[in-house]
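Remarks on the structure that follows.
Protein chains: 2
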Amino acid sequence: MTKHRQLDVPEIPMRDDLTIQEHVYERLRYAIMVGAFPPGTNLTMRGLAEAMGLSPTPIREAVRRLSSEHAIEVLQNRRMTVPEMTLGRFEELLALRVALEVHAAERSLPYVSNIIIENMESIDLEMDAALTRNDLDRLTILNQDFHRALYMTNPHQVSMPVIESVWLQMGPFQRQVIENVKDYYKVDRHKEILDALRARDVAALVIATESDIREGMSRSGRQQLTQSHPDGHAA
Amino acid sequence: MTKHRQLDVPEIPMRDDLTIQEHVYERLRYAIMVGAFPPGTNLTMRGLAEAMGLSPTPIREAVRRLSSEHAIEVLQNRRMTVPEMTLGRFEELLALRVALEVHAAERSLPYVSNIIIENMESIDLEMDAALTRNDLDRLTILNQDFHRALYMTNPHQVSMPVIESVWLQMGPFQRQVIENVKDYYKVDRHKEILDALRARDVAALVIATESDIREGMSRSGRQQLTQSHPDGHAA
DNA sequence: GCGGGTAATTTGTGATATCATTTATATCTT
DNA sequence: AAGATATAAATGATATCACAAATTACCCGC
Numbered sequence: 111m112t113k114h115r116q117l118d119v120p121e122i123p124m125r126d127d128l129t130i131q132e133h134v135y136e137r138l139r140y141a142i143m144v145g146a147f148p149p150g151t152n153l154t155m156r157g158l159a160e161a162m163g164l165s166p167t168p169i170r171e172a173v174r175r176l177s178s179e180h181a182i183e184v185l186q187n188r189r190m191t192v193p194e195m196t197l198g199r200f201e202e203l204l205a206l207r208v209a210l211e212v213h214a215a216e217r218s219l220p221y222v223s224n225i226i227i228e229n230m231e232s233i234d235l236e237m238d239a240a241l242t243r244n245d246l247d248r249l250t251i252l253n254q255d256f257h258r259a260l261y262m263t264n265p266h267q268v269s270m271p272v273i274e275s276v277w278l279q280m281g282p283f284q285r286q287v288i289e290n291v292k293d294y295y296k297v298d299r300h301k302e303i304l305d306a307l308r309a310r311d312v313a314a315l316v317i318a319t320e321s322d323i324r325e326g327m328s329r330s331g332r333q334q335l336t337q338s339h340p341d342g343h344a345a
Numbered sequence: 111m112t113k114h115r116q117l118d119v120p121e122i123p124m125r126d127d128l129t130i131q132e133h134v135y136e137r138l139r140y141a142i143m144v145g146a147f148p149p150g151t152n153l154t155m156r157g158l159a160e161a162m163g164l165s166p167t168p169i170r171e172a173v174r175r176l177s178s179e180h181a182i183e184v185l186q187n188r189r190m191t192v193p194e195m196t197l198g199r200f201e202e203l204l205a206l207r208v209a210l211e212v213h214a215a216e217r218s219l220p221y222v223s224n225i226i227i228e229n230m231e232s233i234d235l236e237m238d239a240a241l242t243r244n245d246l247d248r249l250t251i252l253n254q255d256f257h258r259a260l261y262m263t264n265p266h267q268v269s270m271p272v273i274e275s276v277w278l279q280m281g282p283f284q285r286q287v288i289e290n291v292k293d294y295y296k297v298d299r300h301k302e303i304l305d306a307l308r309a310r311d312v313a314a315l316v317i318a319t320e321s322d323i324r325e326g327m328s329r330s331g332r333q334q335l336t337q338s339h340p341d342g343h344a345a
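Line order of the protein sequences matches chains A and B. One gets this note's numbering by counting positions in the first sequence from 1 and adding 110 to each. One gets this note's numbering by counting positions in the second sequence from 1 and adding 110 to each.
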């Protein structure tokens, strides 16, 4: 009686201060962020509702929010998919990430305290551990936590949601890259970011931030997109 | 039998290719963009539904989308308001606008054709006409059309939605500024942007774009926010 | 008059039902 | 057998209903 391939949505801890709609949003967001839905995946309201054992109503609200963040694409037919990545879109997303994160880093630096730096150091240590045990999902989340910890120090900051949206749009594709290029997370410029923060050195921070984004994603992602395209759907 | 002050939502042309939810989204988005809801306005699902003669269901989806774009703030109490502007937030939004629009302009320039420039020229002419008859709503929309026409020439562009979100967050406050500083739209650097485009001069385009944003909004907005704050609610 | 607590109202949330649109399947025709 | 057409299934969209949480109104006691 299974209509199509039943969708597997990774579970996340249930927080009882959230409405169901919010929980669904967080759960779908996490799934997309860690790449649980490969690009091109078809999503249906009822399918998601059934997969999570809920009525369509809260699903619809969560999905609408994700579509506004361009994590989910709504076609003219009103069908929904996880967007495919193209070389052009990839280059643009990457450039936008650099522009946004450099901007956010610069404007956060004046507010950086030693406590913040220590917090980021501990996240970076956790990343080393996650890398050792090859926990890719955790690495993705920790990497974001690391950067978020910096950008959020700016008390009036408004760019964080925008940056998160770009991360989200990278998610499904990034997962494919990580799986193909297994030493993806080997290059990280986090130590250099931390050095720049300790020295309160803007120029060094900008360079380290840009390098971290570019060297991590750029070459391997471009490689994946330029090599032969036999067919779009992954296994 | 009127519970509170009945909310007035400006009507927009009904397009029959849109679902009700999409139409509500466009309508609310327009209302916020032109500042029909002053900062601090309380919004309710049922209130909006009643004001537009609809059931709450499509309202909720539209409102969720707008909350994801930070045009509407959802409080812990689950009440919704149009966010207030603060000096700190204003400075950050302005800086983000500059960073994003300079970025988008730079990356669009290679794709600019004479047809695009002509289109932008005609929008600029329409702005002059709207300015003459003091049509502020139209001016706001046309100003966005002008910039959007440029940024959208980049075929792989991904920053447009993000820029629109920042515009949206500025909307309610910008309306207050425009009404207080009546020569707001007098300073426009559109002629200089057009010159830079014709010459395909990146450096000039960057300067003109930044000036257009900064000189239009910066001084008058800052002025409005730093002068006495007797009480928050507008008349 | 002022504070506190209870009742009534308002509001948000989520499930369900109904209808329209779209996609998939089956049937018929040539 | 191929293509067109009709039929069935699935899906999205919206309204309505039921419930819970929050707010407001009201009343009482001091």
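No residue lacks a Cβ here, since even glycine has one placed at the ideal position from N, Cα and C.
- Under the Cβ criterion of 8 Å, A:Ser330 is not counted among the residues facing chain B.
- By the 16-neighbour rule on beta-carbons within 10 angstroms, A:Gly163 is exposed.
- Closest in C-alpha terms to A:Val144, from the list A:Ala306, A:Phe283, A:Thr319, comes A:Phe283.
- Unbroken beta strand (DSSP E) runs of no fewer than 3 residues, entirely contained in the segment 294-339 of chain A, are not found.
- Using a Cβ-Cβ cut-off of 8 Å, B:Val268 counts as an interface residue toward chain A, since at least one Cβ of chain A sits closer than that to its own.
- A distance below 8 Å separates the beta carbons of A:Leu252 and A:Glu236.
- Put simply, the backbone Cα of A:Ile226 is about 14 Å away from that of A:Lys301.
- Buried is the label assigned to A:Val208, since at least 16 other Cβ atoms lie within 10 Å of its Cβ.
- Close CB contacts of A:Asp322 within its chain, under the 6 Å cut and outside five residues either way in sequence, are with Arg299 (chain order).
- Take the alpha-carbon of A:Pro168 and the one of A:Thr154: they are about 13 Å apart.
- For B:Gln131 against B:Ala172, the beta-carbon gap comes to about 6 Å, under 8 Å, which counts as contact.
- DSSP, read as helix, strand or coil, puts B:Glu121 in coil.
- Across the segment 192-212 of chain B, CB contacts with chain A closer than 8 Å involve Thr196, Gly198, Arg199, Glu201, Glu202, Leu203, Ala205, Leu206, Ala209, Leu210, in sequence order along the chain.
- Assigned with DSSP and collapsed to three states, A:Asn152 falls in strand.
- Within the DSSP secondary-structure output, A:Met190 pairs in a beta bridge with A:Leu153, A:Val184.
- Taking C-alpha positions only, A:Glu289 is separated from B:Ser330 by approximately 51 Å.
- In the displayed model, A:Gly145 falls within coil according to three-state DSSP, outside both helix and strand.
- Asn264, Pro265, His266, Gln267, Val268, Ser269, Pro271, Val272, Ser275, Val276, Gln279: these are the residues of the segment 261-285 of chain B whose beta carbon lies less than 9 Å from some beta carbon of chain A, given in chain order.
- Secondary structure at B:Leu203: helix, using DSSP grouped into helix, strand and coil.
- One thing to note: B:Gly281 has its Cβ within 8 Å of the Cβ of B:Ile142.
- Look at the beta carbons and you see the segment 194-207 of chain A not touching the segment 311-321 of chain A: under three pairs across the two are nearer than 8 Å.
- With a cutoff of 8 Å on beta-carbon distance, A:Pro149 and A:Val192 are scored as near each other.
- With a cut-off of 8 Å on Cβ pairs, the segment 215-222 of chain B is in contact with the segment 262-272 of chain B, counting three or more such pairs.
- Cβ atoms of A:Arg174 and B:Arg175 come within 8 Å of each other, at about 5 Å.
- Around the beta carbon of B:Gln337, fewer than 16 other beta carbons sit within 10 angstroms, so the residue counts as exposed.
- Against chain B, the beta carbon of A:Arg217 has neighbours under 8 Å at Glu202, Ala205, listed in chain order.
- DSSP places B:Pro166 inside the alpha helix (DSSP H), whose first and last residues are 166-178.
- Inclusion of B:Leu335 and B:Val276 in the CB contact set at 8 Å is not warranted, their separation being larger than that value.
- If you draw a straight line from the Cα of B:His180 to the Cα of B:Glu274, it is about 11 Å long.
- Here B:Pro282 carries a helix assignment [DSSP, helix/strand/coil].
- Using a Cβ distance threshold of 8 Å, B:Leu249 and B:Arg139 do not count as a contacting pair.
- C-alpha of A:Glu136 to C-alpha of A:Glu194: approximately 22 Å in a straight line.
- If you draw a straight line from the Cα of A:Asp118 to the Cα of A:Gly157, it is about 10 Å long.
- Residue burial annotation: A:Ile182 is buried, with at least 16 other C-beta atoms found within 10 angstroms of its C-beta.
- Straight-line spacing of the CA atoms in B:Asp311 and B:Val222 works out to 11 Å.
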